[in-house]
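All remarks here apply to the structure that follows.
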Amino acid sequence: HLWIAFNAAYARDIKGDERERFRSFFEALVPLDTERRLYDAVWERFSGPVRLLIDSPHVYAPFWEHHNSGGAQAQDWKARFERARAAFRRAFAAGDTAAVLCMLFDRLYVLRNQLVHGGATWGSRVNRGQLRDGAQILARLVPVILDVMMDNPEAAWGAPYFPVVGD
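Numbering (the working numbering), first residue to last: 923 to 1089.
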């Protein structure tokens, strides 16, 4: 349910790149968080779990592209993974909340896809730590995201892609 709420908050156009939508959304959202609740959640409450998610190749999309296709394009996934981790460390050290959230939600999106597309089974121990951490992070961040949006109704959030329409 948390991902559905997040998706309803940020998704305005279902075409295009998910990462770009995350980036645009968080770059608009973070400056409006005058109480720094997002910053506090990332740096004070969840810095450990966030780092664990970023450091796990199992929630990094190119890892799965390599695993599933083995194509030449996917062969460099390890180098790309290390570059992504380095970019995260730079953003984290700089206190760049929007960039950190963008990278975090990219990993959470892969985790979400694992669940939605059958990559997790009932009672399995595989990825349970990631699932637990991801759920706790979402449980903390999604209400804050929605609060920031509601506190700023004048912001250009855009119209929902699937609004309620009559028959």
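Note that the Cβ used here is the ideal one computed from N, Cα and C, for glycine as well.
Remember, predicted model here, so these are calculated numbers, not experimental data.
Nonlocal neighbours in the same chain, by C-beta distance under 7 Å from residue i, ignoring five residues either side
| i | result |
| --- | --- |
| valine 981 | Leu975, Arg1029, Val1032, Leu1033 and Gln1052 |
| alanine 1021 | Ala1013 |
| asparagine 1074 | Leu954 |
| glutamine 997 | His988 |
Cβ pair residue i, residue j closer than 8 Å
| i | j | result |
| --- | --- | --- |
| arginine 1002 | proline 984 | yes |
| phenylalanine 968 | isoleucine 1067 | no |
| valine 964 | leucine 1037 | no |
| alanine 930 | proline 1082 | yes |
Cβ of residue i within 8 Å of any chain B Cβ
| i | result |
| --- | --- |
| arginine 1054 | Of the protein chains in this structure there is only one, and it is not chain B. |
Residue burial classification, residue i (beta-carbon count within 10 angstroms, cutoff 16)
| i | result |
| --- | --- |
| threonine 956 | exposed |
| valine 1086 | exposed |
| tyrosine 932 | buried |
| phenylalanine 878 | In the structure as shown, the chain starts at 923 and stops at 1089, and residue 878 therefore has no counterpart that could be examined. |
| phenylalanine 1010 | buried |
Nearest-angstrom beta carbon gap, residue j and residue i [assumed within contact, 8 Å]
| i | j | result |
| --- | --- | --- |
| tryptophan 1079 | methionine 1072 | Between methionine 1072 and tryptophan 1079 the Cβ distance is about 10 Å, and since that is not below 8 Å, they are no contact. |
| valine 952 | threonine 1019 | 5 Å |
| leucine 954 | alanine 1077 | 6 Å |
Own chain, CB closer than 8 Å to residue i, minus 5 neighbours either side, in chain order
| i | result |
| --- | --- |
| alanine 1008 | none |
| arginine 1062 | Ala963, Arg967 and Phe968 |
| arginine 941 | Cys1024 and Asp1028 |
| asparagine 1035 | Gly1041 |
Beta-carbon contacts of residue i that lie in its chain and below 6 Å, excluding the five residues immediately before and after
| i | result |
| --- | --- |
| tryptophan 999 | Pro984, Phe985 and His988 |
| arginine 959 | Val1066 |
Meets three-Cβ-pair contact criterion under 8 Å: the stretch 936–951 and the stretch 1056–1063: no
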